[in-house]
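Residue numbering for the sequence shown follows UniProt numbering, starting at 1 and increasing by one per position.
Contents: one structure, followed by commentary.
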Amino acid sequence: MDELNMRKVCAKLVPKLLTDEQKANRVLIASELKERVEIEPHYLDCVITGDETWTFEYDPETKRQSAEWHTSASPKPKKAKMSKSKVKTMLIVFFDAKGVVHKEFLPQGQTVNAPYCVDILERLRKRIIRVRKDIAANWRLHHDNAPSHTSLLVREFLAKHHGATLPQPPYSPDLAPADFFLFPRVKTALKGRIQAIQAAVATALNEVPVETETETHARDPGMGESVGKNV
Numbered sequence: 001m002d003e004l005n006m007r008k009v010c011a012k013l014v015p016k017l018l019t020d021e022q023k024a025n026r027v028l029i030a031s032e033l034k035e036r037v038e039i040e041p042h043y044l045d046c047v048i049t050g051d052e053t054w055t056f057e058y059d060p061e062t063k064r065q066s067a068e069w070h071t072s073a074s075p076k077p078k079k080a081k082m083s084k085s086k087v088k089t090m091l092i093v094f095f096d097a098k099g100v101v102h103k104e105f106l107p108q109g110q111t112v113n114a115p116y117c118v119d120i121l122e123r124l125r126k127r128i129i130r131v132r133k134d135i136a137a138n139w140r141l142h143h144d145n146a147p148s149h150t151s152l153l154v155r156e157f158l159a160k161h162h163g164a165t166l167p168q169p170p171y172s173p174d175l176a177p178a179d180f181f182l183f184p185r186v187k188t189a190l191k192g193r194i195q196a197i198q199a200a201v202a203t204a205l206n207e208v209p210v211e212t213e214t215e216t217h218a219r220d221p222g223m224g225e226s227v228g229k230n231v
């Protein structure tokens, strides 16, 4: 194979193989956001990102987290294989450049359907009025395009309350701050510990430094350059 200048390579796992149209849509949305921020430098200050994720009573540590310092003569450490617990709860959270704006946990037996999303958004709207008065009249919602998020009920609610939304291309977690920033930080802090889920999640959210959230929202307009590497 050396003579043919060939080598064996492994495929890189990605969340979804995108079509050319989906790739072009990613570039278009990221470029438009970047252009908007260049025109309005404080545009992202009014953006509130929202999403939901499962959290577990016990989630095993990663290999990197469980690594130990050893000398060259030390025996290799052994660790019993552990699995995620079946006890879990869904975290629903909204945050902006200043920190968490609103959080709640999905009640047992409840599903995240369109009517429930409207209820959540109403609680979020009231929370914004209390804790983000400076953007209460012009806040913008950034969430993914899950069916419940884009339902007619949700769109009617946002239109009634003058709530604008930012577009989110499908299968693009690298363009969603909850996916590439907040959820990984929270879940890493929870790994390897058996705990009361809701209290532990609330603590992990409170421990995320505000300055890193500000940097994360500031990163959004720069997505235009990075998207090209992933299409």
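Every residue gets a Cβ at the ideal spot worked out from N, C-alpha and C, and that includes glycine.
Assignment of beta strand (DSSP E) within the segment 103-163, counting only whole runs of 3 or more residues, yields 140-142 in chain order. The count of Cβ pairs closer than 8 angstroms, one atom from the segment 143-159 and one from the segment 99-109, stays below three, leaving the stretches out of contact. Counting other Cβ atoms within 10 Å of its Cβ, T55 reaches 16 or more and is therefore classed as buried. Per DSSP, T188 is not a residue of any beta strand (DSSP E); the alpha helix (DSSP H) it occupies stretches across F183 to L190. By alpha-carbon distance to K126, the top candidate from H161, K98 and L33 is H161. For the pair W139 and R132, the CB atoms are nearer than the 8 angstroms cut-off. When beta bridges are read from the DSSP output, M90 appears opposite W54.
Taking a contact as a CB-CB distance under 8 angstroms, the pair Y171 and L18 counts as one, their CB atoms being some 6 angstroms apart.
Taking all protein chains in view, the Cβ of C117 is crowded by 16 or more other Cβ atoms within 10 Å, so the residue is classified as buried. For T165, the three-state secondary structure derived from DSSP is strand. By the C-beta criterion, the segment 183-198 is judged to be in contact with the segment 36-55, since at least 3 inter-stretch pairs fall below 8 angstroms.
A contact between stretches requires three or more CB pairs, one per stretch, nearer than 8 angstroms, and the segment 190-198 fails this requirement with the segment 32-51. For F95, the beta-bridge partners assigned by DSSP are T49 and V100. Rounded to the nearest angstrom, the gap between the Cα atoms of N113 and D134 is 30 angstroms.
Spatial neighbours of L166 in its own chain (CB-CB distance under 8 angstroms, excluding positions within 5 residues in sequence) are listed in chain order as L33, V47, R140, L141 and H142.
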